[in-house]
Amino acid sequence: MVNEETIKEALGNTGSDIELTTSDFTKPYKDIGLDSLDVFNLLTELELVTGKEISDEDFSELESLKDIIDHLNK
Amino acid sequence: MIGIKSIASYFPETTIDNIEQAKKFEQPSEFITDKIGAVRLPVASEEQLTSDMAMLAVENLLKSSDLKREQIDSLIVVTQNPDNAGLPHTSAILQKKLELSSNVAAFDISLGCSGYVYGLSILKGLMEQAGLKNGVLVTADPYSKIIDREDRVTSLLFGDAATATWLSSEGEWQIGKPIMQTDGSGGKELCVRDGFLHMNGRQVFNFAALTVPKQINSWLGDNHLSADDIDLFCLHQGSASIIDAISRRFPSVKDRFISDIEVTGNTVSSSIPLLLEKYVIHSEHKRVLLSGFGVGLSWATNMIFKE
Numbered sequence: 022m023v024n025e026e027t028i029k030e031a032l033g034n035t036g037s038d039i040e041l042t043t044s045d046f047t048k049p050y051k052d053i054g055l056d057s058l059d060v061f062n063l064l065t066e067l068e069l070v071t072g073k074e075i076s077d078e079d080f081s082e083l084e085s086l087k088d089i090i091d092h093l094n095k
Numbered sequence: 003m004i005g006i007k008s009i010a011s012y013f014p015e016t017t018i019d020n021i022e023q024a025k026k027f028e029q030p031s032e033f034i035t036d037k038i039g040a041v042r043l044p045v046a047s048e049e050q051l052t053s054d055m056a057m058l059a060v061e062n063l064l065k066s067s068d069l070k071r072e073q074i075d076s077l078i079v080v081t082q083n084p085d086n087a088g089l090p091h092t093s094a095i096l097q098k099k100l101e102l103s104s105n106v107a108a109f110d111i112s113l114g115c116s117g118y119v120y121g122l123s124i125l126k127g128l129m130e131q132a133g134l135k136n137g138v139l140v141t142a143d144p145y146s147k148i149i150d151r152e153d154r155v156t157s158l159l160f161g162d163a164a165t166a167t168w169l170s171s172e173g174e175w176q177i178g179k180p181i182m183q184t185d186g187s188g189g190k191e192l193c194v195r196d197g198f199l200h201m202n203g204r205q206v207f208n209f210a211a212l213t214v215p216k217q218i219n220s221w222l223g224d225n226h227l228s229a230d231d232i233d234l235f236c237l238h239q240g241s242a243s244i245i246d247a248i249s250r251r252f253p254s255v256k257d258r259f260i261s262d263i264e265v266t267g268n269t270v271s272s273s274i275p276l277l278l279e280k281y282v283i284h285s286e287h288k289r290v291l292l293s294g295f296g297v298g299l300s301w302a303t304n305m306i307f308k309e
């Protein structure tokens with residue numbers, strides 16, 4: 022089960038110092054200071070934890086951290 | 003035993019200010035300095051051919067080492083941007099431009115970022131089998147010729163360079179036994195379409211971050227070594243972020259992974275020999291691990307070492 026803590030831990034593992042609040046999870050990546058490489062890094066960490074790959078088609082529809090959580094919990 | 007004796011390189015004089023270029027794509031300077039890592043990108047001139055860059059790298063090798071032109075008996079060019087679409091092969095054009103003897107085995111290798119690791123083993127194997135004494139492994143892959151400057155993903159990343167590595171029976175750096183792997187199903191993630199380079203940044207990043215550490219660990223296991231036994235890790239410099247993502251998988255030796263792309267950009271098959279020239283060839287290190295990964299998808303790991 023992926024949750025906000027999973028995301029925070031994975032993001033921390035990438036070396037990011039962004040401190041996420043609950044409201045950040047529904048915002049677009051850019052609005053919380055995540056660039057494209059930050060997101061790639063995060064998804065790599067999450068793949069290591071969950072073993073789940075995200076297709077390009079699905080990735081194009083994931084616009085926030087909440088979208089990622091919901092997708093990985095499907 | 004055939005080993006590496008010397009390395010030289012060549013960079014085009016013209017460079018692109020990558021921070022300025024990033025403004026066109028509304029990317030902040032921090033994205034360039036902290037994530038891509040390359041603030042300047044060397045770019046070959048329009049009229050400069052791959053063989054021209056290769057020639058200048060070999061000329062620099064001849065100037066900086068004891069190698070004599072007439073001693074060269076084998077010549078390999080690693081490139082996927084050959085002169086005249088590869089016909090004739092760039093290494094033959096180079097043999098002419100360098101005015102080398104006709105007693106030279108010369109051929110090209112069509113590989114990208116894994117090409118240097120492959121090339122070392124191919125040239126070493128050829129020289130040992132054929133009894134050759136002085137081989138030169140050239141890398142020259144000017145991606146600027148296939149980059150769409152309006153494409154954010156590729157135009158901020160790649161730089162042009164060429165290198166020349168002298169392999170000799172008197173080479174101090176011995177070449178280990180490589181692991182080489184290929185996954186053609188990923189070929190579409192990094193390829194040329196309609197004359198321009200296309201890169202699926204997420205898939206390439208994911209491939210590098212997850213697959214390369216596995217291969218490095220396999221290589222270490224096969225050779226009964228641990229990461230702590232390696233003095234320096236010279237990986238293909240895909241981007242600063244990729245090097246960081248791979249090195250995180252080796253926390254005890256993370257600081258032994260070189261990240262140096264600031265004034266070169268991603269120079270494809272030249273990135274590893276550029277590191278060896280700068281950090282290794284005259285160093286006191288004993289064991290240096292090399293890993294190249296990219297187009298193909300293709301990835302290869304080996305170690306160079308000295309007694």
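Protein chains in written order, with my numbering: chain Z, 22 to 95; chain Y, 3 to 309.
Quick reminder that beta carbons are idealized off the backbone N, C-alpha and C, glycines included.
In this text the structure is predicted, and so the values were computed from the model without any measurement.
**OP:** Taking 8 Å as the threshold, find out whether the segment 150-165 of chain Y comes into contact with the segment 198-217 of chain Y through three or more Cβ pairs.
**Re:** yes
Original post:
Can you give, in chain order, each stretch of the beta strand (DSSP E) that sits fully within the segment 119-198 of chain Y and has at least 3 residues?
Top reply: 136-142, 164-170, 175-177, 181-184, 192-195
Original post:
Curious, which full-length alpha helix (DSSP H) runs of at least 4 residues does the segment 45-89 of chain Y contain?
Top reply: 52-66
Original post:
Given that residue 62 (chain Z) touches chain Y, what residues does it touch there, using C-beta distances under 7 Å?
Top reply: 243, 247
Original post:
How big is the Cα-Cα spacing for residue 67 (chain Y) and residue 167 (chain Y)?
Top reply: 11 Å
Subject >> Cα-Cα separation between residue 164 (chain Y) and residue 48 (chain Z), rounded to whole angstroms >> reply: 44 Å
Original post:
If you draw a straight line from the C-alpha of residue 141 (chain Y) to the C-alpha of residue 45 (chain Z), how long is it?
Top reply: 46 Å
Subject >> Contact set for residue 41 (chain Y): own chain, Cβ-Cβ below 8 Å, skip 5 residues either direction >> reply: 19, 20, 21, 34, 35, 264, 265
Subject >> Host alpha helix (DSSP H) of residue 60 (chain Z) (start-end) >> reply: 57-71
Original post:
Given 8 Å as the limit, is there contact between the segment 129-140 of chain Y and the segment 169-178 of chain Y, that is, 3 or more CB pairs closer than that?
Top reply: yes
**OP:** Classify residue 63 (chain Z) as buried or exposed, calling it buried when 16 or more other Cβ atoms lie within 10 Å of its own Cβ.
**Re:** buried
Original post:
Should residue 303 (chain Y) and residue 181 (chain Y) be called a contact, given that it needs their Cβ atoms to be closer than 8 Å?
Top reply: yes
**OP:** Grab the span of the alpha helix (DSSP H) containing residue 300 (chain Y) for me, first residue to last.
**Re:** Segment 300-307 is the beta strand (DSSP E) holding residue 300 (chain Y); no alpha helix (DSSP H) there.
**OP:** State yes or no: is the C-beta of residue 102 (chain Y) within less than 8 Å of the C-beta of residue 124 (chain Y)?
**Re:** no
Original post:
If you measure beta-carbon to beta-carbon, which residues of the segment 29-44 of chain Y are closer than 7 Å to chain Z?
Top reply: 33, 37
Original post:
Looking only at its own chain, which residues have a Cβ that is under 7 Å from the Cβ of residue 81 (chain Z), when we skip the five neighbours before and after it?
Top reply: none
**OP:** May I ask which residues mark the beginning and end of the alpha helix (DSSP H) holding residue 230 (chain Y)?
**Re:** Segment: none, residue 230 (chain Y) is in no alpha helix (DSSP H) and carries neither H nor E.
**OP:** Identify, in the order they occur along the chain, each residue of the same chain with its Cβ nearer than 6 Å to the Cβ of residue 96 (chain Z), setting aside the five sequence neighbours on each side.
**Re:** This structure does not reach residue 96 (chain Z), given that chain Z is present from 22 up to 95, and the question cannot be answered.
Original post:
What residues in its chain sit with their C-beta under 7 Å from that of residue 109 (chain Y), if we drop five residues either side in the sequence?
Top reply: 78, 91, 93
Subject >> Cβ-Cβ distance between residue 63 (chain Y) and residue 71 (chain Y) below 8 Å >> reply: no
Subject >> Endpoints, alpha helix (DSSP H) assigned at residue 207 (chain Y) >> reply: 203-224
**OP:** From the DSSP output, read off the bridge partner residues of residue 49 (chain Z).
**Re:** Z:85
**OP:** Would you decide whether residue 30 (chain Y) is buried or exposed? Buried here means 16 or more other CB atoms lie within 10 Å of its CB.
**Re:** exposed
**OP:** Determine the direct distance from the alpha carbon of residue 23 (chain Z) to that of residue 93 (chain Z), and round the result to whole angstroms.
**Re:** 7 Å
Subject >> Beta-bridge pairing of residue 108 (chain Y) - partner residues as DSSP gives them >> reply: Y:77
Original post:
With respect to the beta strand (DSSP E) encompassing residue 19 (chain Y), which residues constitute its N-terminal and C-terminal limits?
Top reply: 17-19
**OP:** For residue 253 (chain Y), count neighbouring C-beta atoms within 10 Å of its own C-beta (all shown protein chains included) and say buried if the count is 16 or more, exposed if not.
**Re:** exposed
Subject >> Inter-residue spacing [alpha-carbon to alpha-carbon] between residue 220 (chain Y) and residue 60 (chain Z) >> reply: 28 Å
Subject >> Within-8 Å CB hit, residue 84 (chain Z) to chain Y >> reply: no
**OP:** Have a look at Y:121, Y:120, Y:195, Y:267 and flag the residue whose alpha-carbon is nearest the alpha-carbon of residue 45 (chain Y).
**Re:** Y:267
Original post:
When you compare only the Cα positions, how much space is there between residue 80 (chain Y) and residue 42 (chain Z)?
Top reply: 49 Å
**OP:** With 8 Å as the threshold, decide whether the Cβ of residue 158 (chain Y) is near any Cβ in chain Z.
**Re:** no
Original post:
Closer than 8 Å, Cβ to any Cβ of chain Y: which residues of the segment 25-44 of chain Z, in chain order?
Top reply: 34, 35, 36
Subject >> Local Cβ density within 10 Å of residue 35 (chain Z), reported as buried at 16 or more and exposed below that >> reply: buried
Subject >> Per-residue contacts from residue 52 (chain Z) into chain Y (C-beta, under 9 Å) >> reply: Neighbours of residue 52 (chain Z) on chain Y: none; closest Cβ ~14 Å, over 9 Å.
Original post:
Just curious, the alpha helix (DSSP H) that residue 296 (chain Y) is in, first and last residue?
Top reply: Careful: residue 296 (chain Y) lies outside any alpha helix (DSSP H), inside the beta strand (DSSP E) at 289-296.
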